[in-house]
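Working notes, beginning with the structure itself.
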Amino acid sequence: MNWCEYPGAWLGVEAIQNYGCRMFAGLGLTLQLVGLSVGLGAIFGLALALLKLYGPKPVRAVVTGYTTFFRGTPLLAQVFLVYYGAGQFRPFLDQIGLWIFFRDAFFCAAFTFTLNTAAYQAEVFRGAIVSVPRGQWEAGEALGLHRIPLFLKVILPQALMVALRPLGNELVIMVKSSAVASLVTLYDLMGATRLAFARSFDLSVYFFAAALYLLIVETIRRVWGLAERRLTRHLTHA
Amino acid sequence: MDRLLGLLSWGDNGWGDELAAGAFVTISLALATLPFGLALGLIIALMQRSESVIARSIATVYTTVFRGLPELLTLYIVYFGLQIGVQKAWAATGLPGRLDMPAFVAGMIALGLVLAAFSSEVWVGALNSIAKGQREGAFALGLNKPQTFRLVILPQLFRVALPGLGNNWMVLLKETSLVSVIALPDLMFWTGRANVVTKEPFLFFGMACLIYLLFSVSSAAGLSALEKRFSRGFATGGRR
Chain A
1 MNWCEYPGAW LGVEAIQNYG CRMFAGLGLT LQLVGLSVGL GAIFGLALAL LKLYGPKPVR
61 AVVTGYTTFF RGTPLLAQVF LVYYGAGQFR PFLDQIGLWI FFRDAFFCAA FTFTLNTAAY
121 QAEVFRGAIV SVPRGQWEAG EALGLHRIPL FLKVILPQAL MVALRPLGNE LVIMVKSSAV
181 ASLVTLYDLM GATRLAFARS FDLSVYFFAA ALYLLIVETI RRVWGLAERR LTRHLTHA
Chain B
239 MDRLLGLLSW GDNGWGDELA AGAFVTISLA LATLPFGLAL GLIIALMQRS ESVIARSIAT
299 VYTTVFRGLP ELLTLYIVYF GLQIGVQKAW AATGLPGRLD MPAFVAGMIA LGLVLAAFSS
359 EVWVGALNSI AKGQREGAFA LGLNKPQTFR LVILPQLFRV ALPGLGNNWM VLLKETSLVS
419 VIALPDLMFW TGRANVVTKE PFLFFGMACL IYLLFSVSSA AGLSALEKRF SRGFATGGRR
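If you're matching them up, the sequences are chains A and B in order.
If you read the first sequence in the working numbering, its first letter stands for residue 1, the second for the next number, and so on.
If you read the second sequence in the working numbering, its first letter stands for residue 239, the second for the next number, and so on.
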């Protein structure tokens with residue numbers, strides 16, 4: 001018996017035992033999707049936040065339009081737009097050599113999730129950068145630091161501390177939202193569970209998936225809380 | 239171009255009327271869920287602040303579970319769970335035929351449970367923000383506990399809770415898109431159907447996005463107007 005069959009055997013539920021391996025594999029896919037998109041989204045989001053704060057006016061308008069669109073529409077609609085919509089632009093995508101990516105559901109989902117979370121993270125970073133008191137900029141200038149090292153060494157570390165908590169929330173939200181990947185043929189945890197239910201008609205597979213999702217979310221919350229305490233240990237805690 | 243516009247036209251050849259009907263279902267579902275979710279959220283918040291350990295634990299478990307589960311999973315569990323429950327209950331009564339759980343009700347319950355979990359946090363924050371003197375003043379006037387809550391606390395609560403509840407509403411509006419998976423004919427459902435028939439995914443999913451965007455943007459405008467109205471008579475510090 002494989003390790004992934006044990007929880008079902010231990011619970012004495014045949015459906016969970018039979019589909020346990022698929023569900024754990026699905027959990028792996030969920031974590032891959034979320035890790036990839038939140039990681040890339042952080043880089044992209046920080047760049048967007050900087051463009052929105054310090055970019056030229058037309059660029060700022062474009063960034064605002066971008067964040068409004070991705071924050072104002074459901075993730076499901078965005079995923080469908082990319083996954084089904086890409087097929088319509090196949091000749092063009094073929095020509096520029098990107099079709100091999102867009103024909104793949106995993107890529108489409110990861111791509112859309114990245115764009116989506118980048119929009120949310122951009123707002124988090126923007127708020128965090130703005131929250132750093134202006135005196136920090138002035139003090140840095142008084143020390144003769146140039147703008148870029150001043151930003152990287154003085155402003156950004158302080159901003160990231162403020163951003164830590166909302167970023168943790170965003171990570172949790174993405175774990176939950178990633179379940180829509182199951183609607184574009186992916187067998188993530190949700191997809192594997194849907195398959196298990198469709199074949200077994202046993203509702204307990206959904207409860208097992210619920211327990212797994214809760215486990216992940218609570219683990220992230222706890223670990224993030226510890227990390228936050230450690231990273232802000234030089235500040236006085238109330 | 240004409241062909242694409244034709245696809246969006248009203249009537250038998252176009253999908254305009256279907257999309258409008260779907261948008262109507264989306265809005266109706268969100269509006270139907272709102273009072274249920276907010277009221278349940280307020281009850282959970284009151285339990286969270288109650289002196290009874292049992293009430294507090296129930297509230298904590300409730301919010302942990304429904305804030306941690308993917309909305310899609312909650313929807314499936316509620317839909318299939320209620321479906322099975324309702325059919326068993328119907329069979330137990332011994333009446334002929336069968337009873338189906340309406341998808342609309344299942345969607346409303348599932349989204350309402352999630353909304354309650356998230357809005358309870360907002361309610362707790364708002365309840366904490368009301369000065370103790372308000373309760374003491376009401377007590378001095380001889381009001382009992384329910385009267386104090388209804389006449390003194392509740393009217394002040396909305397103003398403080400409004401920004402947070404506004405965020406909850408925006409999230410809810412987008413979450414309604416998930417109900418298309420339980421065959422409730424909302425906006426997402428009809429755009430999916432139109433895509434299958436016409437093979438114009440970019441047009442239709444793009445339209446769906448634009449309609450959701452319209453809802454979001456107008457909600458944001460409505461909410462900020464509402465906040466202004468609720469805050470009249472209050473000095474706004476340095477904020478303009």
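From the three backbone atoms N, C-alpha and C, an ideal C-beta is built for every residue, glycine too.
Unbroken alpha helix (DSSP H) runs of no fewer than 4 residues, entirely contained in the stretch 141-166 of chain A, are found at 147-150, following chain order. With a threshold of 7 Å between beta carbons, Phe-318(B) makes contact with chain A. Contact of Pro-74(A) with chain B by beta-carbon distance below 9 Å involves Leu-411, Lys-412, Glu-413, Thr-414, Ser-415, Leu-416, Met-426, Ala-446, Cys-447 and Tyr-450. Taken in chain order, the complete alpha helix (DSSP H) segments of 4 residues or longer contained in the stretch 3-51 of chain A are 6-11. Leu-212(A) has a beta carbon lying at 7 Å or more from every beta carbon in chain B. Taking the CA atoms as reference points, Leu-313(B) sits about 5 Å from Ala-348(B). DSSP places Val-434(B) in the uninterrupted alpha helix (DSSP H) bounded by 425-436. Any Cβ of chain A closer than 7 Å to the Cβ of Leu-280(B) would place that residue at the interface, and such an atom is absent. In this structure, the CA atom of Val-263(B) is about 5 Å from the CA atom of Asp-424(B). A Cβ-Cβ distance of about 7 Å is found for the pair Phe-113(A) and Met-174(A), placing them in contact under the 8 Å criterion. Chain-ordered, the chain B residues with CB closer than 8 Å to the CB of Leu-203(A) read Ile-315, Phe-318, Gly-319 and Ile-322. Apart from the 5 residues on each side of it in sequence, Thr-185(A) sits with its Cβ closer than 6 Å to the Cβ of Ala-105 in its chain, given in chain order. With a contact defined as Cβ atoms closer than 8 Å, Ala-122(A) and Thr-67(A) qualify at about 6 Å. Straight-line measurement puts the Cα of Leu-51(A) at about 7 Å from the Cα of Val-63(A).
The straight-line gap separating the alpha-carbon atoms of Leu-284(B) and Phe-207(A) is approximately 28 Å.
Its chain contains Thr-117, Leu-171 and Met-174 as the residues whose beta carbon lies nearer than 6 Å to that of Val-38(A), once the 5 sequence neighbours on both sides are disregarded; these appear in chain order. Put simply, of Tyr-84(A), Cys-4(A), Pro-7(A) and Leu-150(A) the residue whose alpha carbon is nearest the alpha carbon of Gly-444(B) is Tyr-84(A). The beta carbons of Tyr-19(A) and Ala-196(A) sit closer together than 7 Å.
DSSP assignment within the stretch 192-237 of chain A yields the following whole alpha helix (DSSP H) runs of 4 residues or more, N-terminal first: 204-231. For the options Thr-414(B), Ala-355(B) and Asn-406(B), the alpha carbon positioned closest to that of Thr-298(B) is the one of Ala-355(B). For Pro-58(A), the uninterrupted alpha helix (DSSP H) segment begins and ends at 57-72. Separation of Gly-375(B) and Leu-81(A) (C-alpha to C-alpha, rounded to the nearest whole angstrom) is 56 Å.
Scanning the stretch 319-383 of chain B for uninterrupted alpha helix (DSSP H) segments of 4 residues or longer gives 341-367 and 370-378, listed from N- to C-terminal end. Put simply, the backbone Cα of Ala-270(B) is about 17 Å away from that of Met-339(B).
Close to chain B, meaning a Cβ-Cβ distance shorter than 9 Å, are the following residues of the stretch 154-183 of chain A: Val-172, Val-175, Lys-176, Ser-177, Ser-178, Ala-179, Val-180, Ser-182 and Leu-183.
Beyond the five residues adjoining it in sequence on each side, Ala-15(A) comes within less than 7 Å, by CB distance, of Ala-196, Ser-200, Asp-202, Ser-204 and Val-205 in the same chain, given in chain order. Counting every other CB atom within 10 Å of its CB across the protein chains shown gives Asn-406(B) a total of 16 or more, marking it as buried. For Tyr-120(A), no Cβ of chain B is located within less than 7 Å of the residue's own Cβ. Excluding five sequence positions before and after Pro-166(A), the CB atoms of its chain that fall closer than 6 Å to its own CB belong to Val-124, given in chain order. Annotation: Ala-364(B) to Ala-399(B) spans about 5 Å, alpha carbon to alpha carbon. Between the C-alpha atoms of Asn-169(A) and Ile-315(B) there is a straight-line separation of about 24 Å.
Neighbourhood of Gly-87(A) in chain B, by CB distance below 8 Å: Pro-439, in chain order. Look at Ser-290(B) here: in three-state DSSP terms it is coil, with no helix or strand label. Closest option to Thr-219(A), judged by alpha-carbon separation, among Ala-341(B), Trp-253(B), Leu-280(B) and Thr-302(B): Thr-302(B). Taking a contact as a CB-CB distance under 8 Å, the pair Leu-411(B) and Ser-454(B) counts as one, their CB atoms being some 7 Å apart. Judged by DSSP in its simplified three-state form, Ile-96(A) adopts coil rather than helix or strand.
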